[in-house]
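To get the numbering used here, take the position in the sequence shown, counting from 1, and add 6.
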Amino acid sequence: QVQLVESGGGLVQPGGSLRLSCAASGNIFSFYAMGWYRQAPGKQRELVAVIARGGSTNYAESVKGRFTISRDIGKNTVYLQMNSLKPEDTAVYYCSANRPDVGDYWGQGTQVTVSS
C-alpha cells in the first residue's frame, strides 16, 4: 500500500510561485512513475507533469516552461515548482504513483488558488 501526502498549496497572486510537495510512504520511485494532476471545478482531472522511474519528465502544454517536477529520492518526496502562476491554474492538485501492473495511488489533494 502506497500512501501519498501533499502539501504546499495556498492562495497566490497572478505571477507568483508555489512549491507543492508529495511525501511518499517509503522508497517507491524505483517502482512507480510519479505525477501531478489537477482538477478545477466542473472540469475533469488532467495531467500536469510526470516523472518516470528513470527520471525523465513530461508536462502538459499549458504548464511547459512554468512548472517543474522533481524528486528527492533520499526524502521520498516529489515536488512541483510552479512559477508565473495564472488564474487558470486554480485547482485541486493531486499527487499520484503509477505502476502499470498495480494501478494508481492518489494523495488527498491540495488546493491552489491564483487570484488577486
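Yeah, the Cβ is synthetic: ideal placement off N, Cα and C, and Gly gets one too.
Which partner residues does residue 116 have in the DSSP bridge list? 99
Do you know how far the Cα of residue 113 is from the Cα of residue 15? 13 Å
Pick out whichever of 13, 80, 38 and 28 has its Cα sitting closest to the Cα of residue 107. 38
Output needed for residue 93: all residues of its chain with C-beta closer than 7 Å, excluding positions within five of it in sequence on either side, in chain order. 20, 120 and 121
Just how far apart, CA to CA, sit residue 78 and residue 66? 22 Å
If residue 55 and residue 73 are in contact, beta carbons under 8 Å, what's the gap, nearest whole angstrom? 6 Å
Whole beta strand (DSSP E) elements within the segment 57 to 96, 3-residue minimum: 63 to 65, 73 to 78 and 83 to 88
Ordered along the chain, which non-local residues of its own chain (more than five positions away) have a Cβ less than 6 Å from that of residue 95? If we look at residue 95 and ignore the five residues flanking it on each side, its Cβ neighbours are 120.
For residue 105, which residues from the same chain have a beta carbon less than 7 Å from its beta carbon, with the 5 sequence-adjacent residues on both sides left out? Cβ within range, chain order: 37 and 38.
Considering Cα atoms alone, identify which of 25, 81 and 40 is closest to residue 59. 40
Taking the beta carbon of residue 44 as the centre, do at least 16 other beta carbons fall within 10 Å, making it buried, or is it exposed? It counts as buried.
Report the rounded CA-to-CA distance for residue 98 versus residue 25, giving the unit in angstroms. 14 Å
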